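Structure, as C-alpha cells:
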Amino acid sequence: MQKHISKNMADALMAWFGHHRRTMPWRGSDDPYHIWVSEMMLQQTQVATVENYYPKWIARFPDVFSLAAADLEDVLKIWEGLGYYTRARNFHKGAKYIAEHAKDRKSPFPDNYEEWLKVPGVGPYTAAAVSSIAFGYPAAVVDGNVKRVMARLFCLDEDIATQKYHKMLFEIMNRGFHGHHPGWVNQAWMELGSLQCTPRPDCSRCPLNGDCCAYKAGKTQRYPVKAEKKKIPVRCGAAFVVLHKNRMLMVRRHAEGFLGGLWEFPGYTLKSDRPDPLAFAEFIREHRLVNVRPLGRSVRHTYSHFHQRIDLFSAELEVPWESNAWAEARRIGLDELGSVPCSRLTIKIAGILDEKYPHGSPEREENN
DNA sequence: AATACGGGGTG
DNA sequence: CACCCAGTATT
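Mapping of the first sequence onto my numbering: residues 4 to 371, in sequence order.
Here you go:
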C-alpha cells in the first residue's frame, strides 16, 4: 500500500462531503476573521460546544480591530466556560499582532501558512486551517480526526502522537488536494473523521472503505496506534462559603496559569489525594476565617490533568471584606476579593466578576 | 519529547 | 468510569 491519496479518493471524499457536511455558523463565511475565531475555539473543542460561543463572540467582537482594542477582562468574559483559557489570552495577543501589522499589507490578514504561523496562539493546525479555508492556500490540517482517518486508511503503525507521524501526514495530505479547494478538502477529511471514521466506526457506510487498508485487512480497531495514557492524580482540597449580609465572598485567581483570572471560592487544592489537617488549619489562620463549619458535602470535578475533590465549609471573615476590602486582600495574601449576591447557597465553581459584571456569571451551579 | 492546560460528549 | 475532541505553548 503506497501512502498516497489518489484523485479517486479525493473525489469520493468530496462527493461524500457535499452530501453529508453539517451546517455551521462560520461555514461558508469568506471573512478570515470569522474563520480564525471558529478555529481558535475549535482547538480541542467539539463543534457542538463552539456553536454556543461563536455567535456571542462575533456579536461582541465583530472584527479583529474591536478584539485588539478590547480589555482582556471582556475577552475572558465571553470565553468563560470554553476552557483552555490561554487560548483566549493568546487570541487577544494575536489580534493585537494582526492589527499592528495591518498596515504592511492590503488585507489585515496574511494569506499563507507561514505568516499565520507567526501569529500568537496560532500553531500548525490553525495556520493550515485559516490559510486554506479563507485563502485557498494548500496547507493540510493535521488534527485528531485526520490522524485517526489516515492511520486507518494507510495502516500507519507509527504512534500518532509523534512528530514523525505528524510530518508524514502533512506531506501525504499536501499532495492530495487534486485540484479541489484546499479549505474544503481539509474540512472534508475532518468531517469524515468526526461523522464516519469515528473511534468506533461503522465502516459499511464509509465512502472510502474500498481504499481503506485497515478495513480491508479487518484491523480497524488496531488503528490509530497510540501510547498508553497515564492516569491522572487525585487532588483534594477545601473551599469556604463566606456569607455576609446576603452576599458571598469570591476570590480572584492570579492572572497567569491555571484558570488564570477567573473567580472562585476562597480555598485551596493540595497535590495530595487525602485531606491534610495542617494545611486546613494553616489556611484558616492565614486568611483569618472564623466560625468554620463543615457543610457535609464535597464537590468533585475532573480537569485535563487531575481529579479534584473539594470539601465545603461555611465560615466568616474575622474582618468583613466590605471594609477596606482591597487593603485587606493584600494583607491576607489574596489576589483580589469580590462578592456576589446570594439568596440561597449557590456553589460557584468558576466565573469572572468585577465592577462591570457585579453579578458574575456562574459557569456551573449546584443549588442546595 | 513531555507536560500543562478545560470542559463536555460518548459508550 | 475511560476515551476523545477542528491544539498550542512551555519546559
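Every residue, glycine too, gets a C-beta built ideally from N, C-alpha and C.
Remember, predicted model here, so these are calculated numbers, not experimental data.
Worksheet item: Taking the DSSP output, what are the residues bridged to His-304?
Response: Looking at the DSSP output, His-304 bridges to Gln-311.
Worksheet entry | For Leu-211, three-class secondary structure by DSSP | It is coil, neither helix nor strand.
Worksheet entry | Cα-Cα separation, Ser-301 to Arg-312 | 7 Å
Worksheet item: Does DSSP put Leu-75 in a helix, in a strand, or in coil?
Response: helix
Discussion item. Quick check: what's the CA-CA separation for Tyr-88 versus Pro-28?
Written reply: 22 Å
Worksheet item: Near Ala-220, what residues of its chain come up, given a Cβ to Cβ distance below 8 Å and the 5 sequence neighbours on each side ignored?
Response: Cys-158
Worksheet entry | In DSSP terms, what Pro-319 is bridged to | In the sequence as presented, Pro is not what sits at residue 319; that position holds Glu. Bridge partners of Glu-319: Val-293.
Discussion item. Checking 9 Å against the spacing of the C-beta atoms, do Tyr-271 and Gly-240 come in under that value?
Written reply: yes
Worksheet item: Which residues in the same chain have their Cβ closer than 6 Å to the Cβ of Lys-6, if we skip the five residues on either side of it in sequence?
Response: Phe-157 and Ile-175
Practice prompt. Return helix, strand or coil for Thr-165, following the three-state DSSP convention.
Written response: coil
Item to complete: Could you check how far apart the C-beta atoms of Arg-255 and Trp-266 are, in whole angstroms? I think they sit under 8 Å.
Response: Right, the Cβ-Cβ distance comes to about 5 Å (below 8 Å), so this counts as a contact.
Item to complete: Could you check the C-alpha separation between Pro-204 and Trp-60 for me, to the nearest Å?
Response: 34 Å
Item to complete: Look at the alpha carbon of Leu-120 and the alpha carbon of Arg-238, and state the distance between them as a whole number of angstroms.
Response: 36 Å
Worksheet entry | Helix, strand or coil at Leu-298 according to DSSP, with G and I counted as helix | strand
Worksheet item: At which residue ranges does the region 51 to 121 contain complete alpha helix (DSSP H) runs of 4 or more residues, listed in the order of the chain?
Response: 67 to 72, 75 to 82, 89 to 104 and 116 to 119
Item to complete: Out of Val-133, His-104 and Pro-123, state which residue places its alpha-carbon closest to the alpha-carbon of Tyr-116.
Response: Val-133
Worksheet item: Cα separation between Thr-223 and Ala-217?
Response: The alpha-carbon of Thr-223 is positioned some 5 Å away from that of Ala-217.
Worksheet entry | CA-to-CA distance, Ser-9 to His-181, given in whole angstroms | Taking the straight line joining both Cα atoms gives about 8 Å.
Discussion item. Assess contact between the region 92 to 107 and the region 132 to 152, defined as three or more Cβ pairs (one per stretch) separated by less than 8 Å. Is contact present?
Written reply: no
Worksheet entry | Gly-196, DSSP secondary structure in three states | Gly-196: helix per DSSP, three-state reduction.
Worksheet item: For Asp-14, which three-state DSSP category applies?
Response: helix
Item to complete: Confirm, please, whether the CB-CB distance from Phe-64 to Val-78 is below 9 Å.
Response: Against a cut-off of 9 Å, the Cβ pair of Phe-64 and Val-78 comes out as a contact.
Worksheet item: Ends of the alpha helix (DSSP H) at Ala-132?
Response: 127 to 138
Worksheet entry | Assigned secondary structure, Arg-155 (DSSP; H/G/I helix, E/B strand, else coil) | helix
Worksheet entry | Other residues of its chain near Ala-282: CB distance less than 7 Å, five sequence neighbours each side excluded | Tyr-271 and Leu-273.
Worksheet entry | Proximal residues to Glu-54 (C-beta, below 8 Å), its chain only, five neighbours per side dropped | Met-27 and Pro-28
Worksheet item: Where does His-7 fall in DSSP's three states?
Response: Three-state result, His-7: coil.
Worksheet item: Which residues share a DSSP beta bridge with Ala-173?
Response: The residue asked about is misnamed: residue 173 is Phe in this sequence, not Ala. For Phe-173, which the question treats as bridged, DSSP gives no partner whatsoever.
Worksheet item: Which two residues bound the contiguous beta strand (DSSP E) that contains Ala-242?
Response: 237 to 247
Discussion item. Let me confirm a value: Asn-11 is counted as buried when at least 16 other C-beta atoms fall within 10 Å, else exposed. Which label applies?
Written reply: exposed
Worksheet item: Short check: CB of Ala-142 to CB of Val-149, under 9 Å?
Response: The beta carbons of Ala-142 and Val-149 sit no closer together than 9 Å.
Discussion item. What does the alpha-carbon distance come out to for the pair Glu-194 and Leu-315?
Written reply: 43 Å
Worksheet item: Going along the chain, which residues of its own chain have a beta-carbon closer than 6 Å to the beta-carbon of Arg-303, five neighbours each way excluded?
Response: Arg-312
Worksheet item: Name the DSSP bridge partner or partners of Thr-272?
Response: Gly-240
Worksheet item: Do you know offhand how far Val-152's Cα is from Phe-112's?
Response: 31 Å
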